[in-house]
Amino acid sequence: MSTHFFALNQIAIKGFALICAVALLHCCIPASAKPTPPRPSWNDENFIPALRVNHISQDKQNLLGHRVAYNVRQLGAVISDVGTVTLPLLDYQATAVSLRQQLQDDFWAKHLLYLGTGDQGHMYAFPLNELQRGRVRMALLTIQARPEDGGFRDRTVQLDGLVDLDVADRHDFLQRLLGADGTNGGPFTHDLSNLFHNRVLYF
């Protein structure tokens, strides 16, 4: 009888210990393994189709290239030269694909240098990730103006051309883009997140 009672007692103790262990594990998991909310992805928060490829005239590329250089110099960056880039059609299309990926990765980065408003939308220059010593390649973009209904899913991004800037310091150049806020009527930059979600006044 005592042996039977002892066995039942041991089973009860082990069962209680198991319940306590499971309860403790249940309490610990939410604190240590709770997943971090994912950052919004491009497709569900900033949807755009593939970039449209547009070839503007050489004269217009030159004009916009010098406008980029002027604005960047206004920000205090040192530029020694500016020139347009001519690529074969297939390379140009490949650039549009890689550029869209970069825009997806950097749509919080305030790197879109505003150049003005054209017939098809707002014109910007955006620095590519190509790491060339002493040089920054800028994509000339047109982003469709805000639709009247205030939505962002109908916006389009168009690649109009490419310009190269010979800069003294790439890192300094990018930091100056980030800090461009239009102070005293100077140049300013936007990020795609605020632009596409209509959080930029008049855009």
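Just so we're aligned: the sequence shown equals residues -33 to -1, 1 to 170 in mature numbering (1 follows the signal peptide of the UniProt record, and there is no 0).
Glycine included, every Cβ here is placed at the ideal spot set by N, Cα and C.
Given the structure is predicted, the values throughout are model-derived calculations rather than measurements.
Margin query: Starting from Gly83, trace the beta strand (DSSP E) in both directions and tell me its first and last residue.
Written below: In the sequence shown, residue 83 corresponds to position 116, counting from 1. Per DSSP, Gly83 is one residue of the beta strand (DSSP E) stretching across Leu79 to Thr84.
Next item on the list: Return the first residue and the last residue of the beta strand (DSSP E) that Phe93 is part of.
Entry: One-based indexing of the sequence shown puts residue 93 at position 126. Start and end: His89 to Pro94.
Check: What are the uninterrupted segments assigned as beta strand (DSSP E) that are 3 or more residues long and contained completely in the segment 22 to 59, given in chain order?
Finding: Correct list: 46 to 51.
Checklist line | Whole-number beta carbon distance between Gln28 and Leu107, since they are thought to touch under 8 Å | finding: Within the sequence shown, numbered from 1, the residue matching residue 107 stands at position 140. Within the sequence shown, numbered from 1, the residue matching residue 28 stands at position 61. Their Cβ separation, rounded to whole angstroms, is 7 Å, which keeps Leu107 and Gln28 in contact under 8 Å.
Checklist line | Beta-ladder partner(s) of Thr109, from DSSP | finding: One-based indexing of the sequence shown puts residue 109 at position 142. Met90 and Gln125.
Next item on the list: Please name the residue or residues paired with His157 in a DSSP beta bridge.
Entry: Here residue 157 refers to the residue found at position 190 when the sequence shown is read from its first residue. Its beta-bridge partners are Leu79.
Margin query: For Asp139, report the span of its alpha helix (DSSP H) as first-last.
Written below: As a first step, residue 139 is located in the sequence shown; it is residue number 172 there, counting from the start. It spans Arg137 to Leu145 - the alpha helix (DSSP H) in which Asp139 sits, taken as one unbroken run.
Next item on the list: Could you name the residues of the same chain whose beta carbon sits closer than 7 Å to that of Thr150, not counting the 5 residues immediately before and after it, in chain order?
Entry: Here the question's residue 150 lines up with position 183 in the sequence shown. Hits under 7 Å: none found.
Notebook entry, point to check: If you count every other CB in all the chains shown that lies within 10 Å of the CB of Leu18, and 16 or more means buried, which is it?
Noted result: Residue 18 sits at position 51 when you count from the first residue of the sequence shown. That one is buried.
Next item on the list: Please classify Tyr37: is it buried, with 16 or more other beta-carbons within 10 angstroms of its beta-carbon, or exposed?
Entry: Locating residue 37 in the sequence shown gives position 70, counting from the first residue. Result: exposed.
Notebook entry, point to check: Can you give the beta carbon distance from Arg100 to Asp131, rounded, assuming they're within the 8 Å contact cut?
Noted result: Along the sequence shown, one-based indexing puts residue 100 at 133. Along the sequence shown, one-based indexing puts residue 131 at 164. Arg100 to Asp131, Cβ: 12 Å. No contact.
Notebook entry, point to check: Taking the alpha carbon of Asp139 as the point to measure from, which residue in Gln87, Gln25 and Pro94 has its own alpha carbon closest?
Noted result: Reading the sequence shown from its first residue, position 172 is the one you call residue 139. Among Gln87, Gln25 and Pro94, the Cα nearest to that of Asp139 belongs to Pro94.
Note to self: Count Cβ pairs between the segment 44 to 60 and the segment 148 to 167 that sit closer than 8 Å; are there 3 or more?
What the structure shows: Counting Cβ pairs under 8 Å, fewer than three are found: no touch.
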